[in-house]
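Report on the structure given below.
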Amino acid sequence: MGGYCEQPPKESPWIFCRSPSCAKCKSATESVITHKDCLRLFLRDRTEGHATIYHLWRAACRRYVWRWFWPLPPGRGSIDRAVSHASSAWALPLELLPNELQTMICKELSQHIFWRYIRAETFIYGIDAVAEDEAAVPMPLTIISAWKRGSEPRIQSQNNMPIVRLTMDSQGLLEIERLLDVPDYRASLAHGYAFIVEHVGCFQGATAYFNVSSQHSNLG
């Protein structure tokens with residue numbers, strides 16, 4: 009984990025790289041940057057006994073779907089939290105605005121410390137929610153006919169849908185679908201998401217790990 013930050017507590021097994029041009033970080037399979045103030049927020053606000061530096065590492069890597077891919081933008085949760093905080097602090101009924109206007113306001117605040125704090129707070133909340141339950145259930149990806157975050161997977165060992173589509177957002181894997189054919193690309197549906205669309209044969213040996221309570225999934 010690269011970044012311009014202080015080292016973690018002495019009992020932590022992690023050591024942070026301080027060099028912005030580190031060759032090892034650039035060539036690593038996974039490398040992310042942690043701002044010092046964001047790390048301090050995480051260490052301060054994480055639920056005691058749940059989220060660890062390891063969970064922070066995993067969550068940060070999820071935002072980069074694969075190497076050299078740009079980070080996926082935050083989801084609706086960050087915008088809702090920003091609107092709630094701003095409405096309370098400034099006594100403005102921002103919740104009544106259409107979602108499109110709320111999104112535009114947050115976009116204008118993208119470089120403001122307020123938005124950085126909201127994004128960090130939402131990020132930490134999401135890490136805590138997943139870290140509370142580590143009872144991951146392994147399952148071959150090829151037998152899953154449908155799954156979406158927040159639900160249980162539908163299993164079907166015999167499936168005549170030969171195409172698998174994985175949808176990912178800034179929190180990781182969002183949805184698993186089985187399709188009859190490769191769908192047409194539509195830019196309006198692609199904003200904020202990344203997709204892997206391949207024949208089911210490409211996923212032989214791939215395993216999905218489902219967190220029972222949080223109903224998140226990871227691939228291995």
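Numbering (this note's numbering), first residue to last: 9 to 228.
Just so you know, even glycine gets a beta-carbon here, dropped at the ideal spot from N, CA and C.
Next on the checklist: Tell me the rounded alpha-carbon separation between V190 and I171.
Outcome noted: 7 Å
Checklist entry - Given a threshold of 16 other Cβ atoms within 10 Å of its Cβ, counted over all protein chains shown, does C114 qualify as buried or as exposed? => result buried
Checklist entry - Among the residues of its own chain, which have a CB less than 7 Å from the CB of I87, if the five just before and after it don't count? => result Q110, T111 and C114
Checklist entry - So the alpha helix (DSSP H) I184 belongs to, where does it begin and stop? => result No alpha helix (DSSP H) holds I184; the beta strand (DSSP E) holding it covers G180 to L187.
Next on the checklist: Count Cβ pairs between the stretch 86-105 and the stretch 153-173 that sit closer than 8 Å; are there 3 or more?
Outcome noted: no
Item to check | Range of the contiguous alpha helix (DSSP H) that encloses T111 | outcome: N107 to E116
Next on the checklist: Using 8 Å for Cβ pairs, my map puts A97 next to I126. What's the rounded Cβ distance?
Outcome noted: Actually they do not touch by this definition, with Cβ atoms about 11 Å apart.
Checklist entry - Within 10 angstroms of its Cβ, does S64 collect 16 or more other Cβ (buried), or is it exposed? => result Per the sequence presented here, residue 64 reads as Leu, with Ser not at that position. Label assigned to L64: buried.
Item to check | Where F203 sits in the DSSP three-state scheme | outcome: strand
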